[in-house]
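J.: Chains as they are written, first to last, in the working numbering: chain A, 1050 to 1162; chain B, 73 to 185.
We put the CB at the ideal spot given by N, CA and C, even for glycine.
In this text, all values refer to a predicted model and were calculated from it rather than measured experimentally.
I have a structure here, written as structure tokens, and I will follow up with some questions on it.
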Amino acid sequence: DAKTTQPPSMDCAEGRAANLPCNHSTISGNEYVYWYRQIHSQGPQYIIHGLKNNETNEMASLIITEDRKSSTLILPHATLRDTAVYYCIVRAVTQGGSEKLVFGKGMKLTVNP
Amino acid sequence: NAGVTQTPKFRILKIGQSMTLQCTQDMNHNYMYWYRQDPGMGLKLIYYSVGAGITDKGEVPNGYNVSRSTTEDFPLRLELAAPSQTSVYFCASRTTGTVLGYTFGSGTRLTVV
Chain A
1050 DAKTTQPPSM DCAEGRAANL PCNHSTISGN EYVYWYRQIH SQGPQYIIHG LKNNETNEMA
1110 SLIITEDRKS STLILPHATL RDTAVYYCIV RAVTQGGSEK LVFGKGMKLT VNP
Chain B
73 NAGVTQTPKF RILKIGQSMT LQCTQDMNHN YMYWYRQDPG MGLKLIYYSV GAGITDKGEV
133 PNGYNVSRST TEDFPLRLEL AAPSQTSVYF CASRTTGTVL GYTFGSGTRL TVV
């Protein structure tokens, strides 16, 4: 399974863009990049996913490099409620053919007033 | 539409006791998962199911059992509780479409004393 590397923590000022990096240098050609976040002790929340092209939804944008070895999650106008642990995950496939998500430690984003 | 519902939210067990963590989803999702999260760590997969009647082990299955008699329900059983099973347990589900995100429950915080 491809693994990801994220910095352990990052700070961002409220109202500014938060750019969260992720390295996944061993990603395979058919593996997707997923981003989730976990606010305090709640269940993880799906944010966005992508394969090759950049993606945008109502929560965030995902920029994937052309060689797909890294990506950046962008929160365009960070708010205090975006303070959370963010997980960058590359989708793994089990021997049975079903998918599973493998979580690392993630990155703690703190949005400061 | 309730999503993924977990009960109980909190529980204290004595060593050697048994209990069942309940998980139910009303989205007609085929895939369901149980994760545990220890303090400061990412989530680890315990068991998963690709449909009613089919279950398989994840990374850390020892000490747990599951069943999937219906599409909606995926209970997690602890037979002989041990302090090492003190953790927060999350249930998740997703539909068959391989690119879609998971929906997580709000978690069960279990303490074994």
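Tell me which residue opens and which closes the beta strand (DSSP E) that A/Asn1079 is part of.
T.: Here residue 1079 of chain A refers to the residue found at position 30 of the first sequence. Element bounds for A/Asn1079: n/a, residue is neither H nor E.
J.: Whose C-alpha, out of B/Phe82, B/Leu85, B/Trp106, B/Pro80, is nearest the C-alpha of B/Ser165?
T.: In the second sequence, the residue the question calls residue 165 of chain B occupies position 93. When each option's Cα is compared against that of B/Ser165, the closest is B/Trp106.
J.: What residues from chain C crowd round A/Gly1153, counting only those whose CB sits closer than 8 Å?
T.: This model lacks chain C altogether, as its protein chains are A and B.
J.: Could you compute how far the alpha carbon of B/Gly88 sits from the alpha carbon of B/Asn134?
T.: Within the second sequence, residue 88 of chain B is the residue found at index 16, counting from 1. Within the second sequence, residue 134 of chain B is the residue found at index 62, counting from 1. About 15 Å.
J.: Any C-beta of chain B within less than 8 Å: which residues of the stretch 1070–1086 of chain A qualify?
T.: Answer set for the stretch 1070–1086 of chain A: Tyr1081, Tyr1083, Tyr1085.
J.: Taking the C-alpha atoms as reference points, what is the distance between A/Thr1053 and B/His101?
T.: Here the question's residue 1053 of chain A lines up with position 4 in the first sequence. Here the question's residue 101 of chain B lines up with position 29 in the second sequence. Their Cα atoms are separated by approximately 27 Å.
J.: Relative to the ligand NAP, is the shortest distance from any of its heavy atoms to the C-beta of A/Lys1157 smaller than 8 Å?
T.: Looking for the ligand NAP in the displayed structure turns up nothing, as the structure carries no ligands at all.
J.: Does the beta carbon of B/Leu182 sit closer than 9 Å to a beta carbon anywhere in chain A?
T.: Reading the second sequence from its first residue, position 110 is the one you call residue 182 of chain B. Closer than 9 Å: no.
J.: Can B/Ser159 and B/Arg83 be called in contact, C-beta distance under 9 Å?
T.: By 1-based counting over the second sequence, the position of residue 159 of chain B is 87. By 1-based counting over the second sequence, the position of residue 83 of chain B is 11. Going by C-beta atoms, B/Ser159 is not nearer than 9 Å to B/Arg83.
J.: Out of B/Ser139, B/Pro155, B/Ser156, B/Thr143, state which residue places its alpha-carbon closest to the alpha-carbon of B/Arg149.
T.: For the purposes of this step, residue 149 of chain B is taken as the residue at position 77 of the second sequence. If we check each option's Cα against that of B/Arg149, B/Ser139 comes out closest.
J.: Anything in chain B within Cβ reach of A/Leu1150, meaning under 7 Å, just list it in chain order.
T.: As a first step, residue 1150 of chain A is located in the first sequence; it is residue number 101 there, counting from the start. Neighbours of A/Leu1150 on chain B, chain order: Tyr174.
J.: Quick one: does A/Tyr1135 have its CB under 9 Å from some CB of chain B?
T.: Translated into positions along the first sequence, residue 1135 of chain A becomes position 86. Closer than 9 Å: no.
J.: Between A/Ser1110 and the rest of its own chain, which residues show a CB-CB distance below 6 Å, the 5 nearest in sequence each way excluded?
T.: In the first sequence, counting from the first residue as 1, residue 1110 of chain A sits at position 61. Only Ile1123 meet the Cβ criterion.
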